[in-house]
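full-length UniProt numbering puts the first residue of the sequence shown at 1, with every later residue one more than the last.
Just so you know, even glycine gets a beta-carbon here, dropped at the ideal spot from N, CA and C.
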Amino acid sequence: MEATTIIQECKNNQPWAQKALFERFAPVMMNVCRRYIGNHHDSEEVMLSGFMQFFEKIKLFEYRGEGSIQAYLGRIMVNQSLMFLRKHQTMVYADLQENFISESQDALDELSAQEIMRLITALPTGYRVVFNLFVIEGLSHQQIAELLQIKEGTSKSQLSKARRLLQQMITKMENHGIQTK
């Protein structure tokens, strides 16, 4: 079924269209939530809440191609995830300035998407959130600081620590003979 038809019928509150849209985008949106939340149960709760918000405000949505649906839903899921984390006060930030070192991306290039996802979800919440916002969502440190109500230096520090911890986890995998790709 055409995405334009599904969106139009969702705007008319048609349950079959809402189900079709949910089934089409739920797996991708679940991954977005998992990147931030970490555990499956809470991620699913956040994703469902995000879809509810989408369906409540769908009349405001302007369809500009299938990519626009995914981008709009993705933004909702990120915001819902951040609200969930704030509500449950699970984000802890170390407000430290430090010198940053550049790390090799070679090891990351050898990992599968599933392995990378597993490593990211294993990061402490504060590191994981900043890493996702900077690396995956493409936000600047200034934008992250405003969004999370932290200092820009804290964002940089959290990203550096997340990268360092990911590098350590990858090295540990390699040292234990776990194959990448």
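A direct Cα-Cα distance of roughly 5 Å separates Q158 from Y127. Secondary structure of K57 (DSSP, three-state): coil. Assignment of Q14 by DSSP, reduced to helix, strand and coil, places it in the coil class. According to the DSSP assignment, K151 belongs to no alpha helix (DSSP H), since it is labelled neither H nor E. By alpha-carbon distance to E2, the top candidate from M83, G38, Y72, R24 is R24.
Fully enclosed alpha helix (DSSP H) runs of no fewer than 4 residues occupy 40-56 of the stretch 25-77, in order along the chain. Taking the CA atoms as reference points, Y36 sits about 17 Å from Q143. Scanning its chain for C-beta atoms nearer than 6 Å, with the 5 sequence neighbours on each side dropped, one finds around F84 the residues V46, in chain order. Inter-segment contact for the stretch 166-176 and the stretch 116-136 is present: three or more beta-carbon pairs are separated by less than 8 Å. Of the candidates L147, S140, I170, the residue whose Cα lies closest to the Cα of K156 is S140.
Between E152 and A145, the C-beta spacing is below 9 Å. Residue environment for N13: exposed (fewer than 16 other C-beta atoms within 10 angstroms of its C-beta). If you compare the alpha carbons of C33, R64, L60, F61 with that of S49, the shortest gap goes to C33.
DSSP places G126 within a helical segment (H, G or I) once states are collapsed to three.
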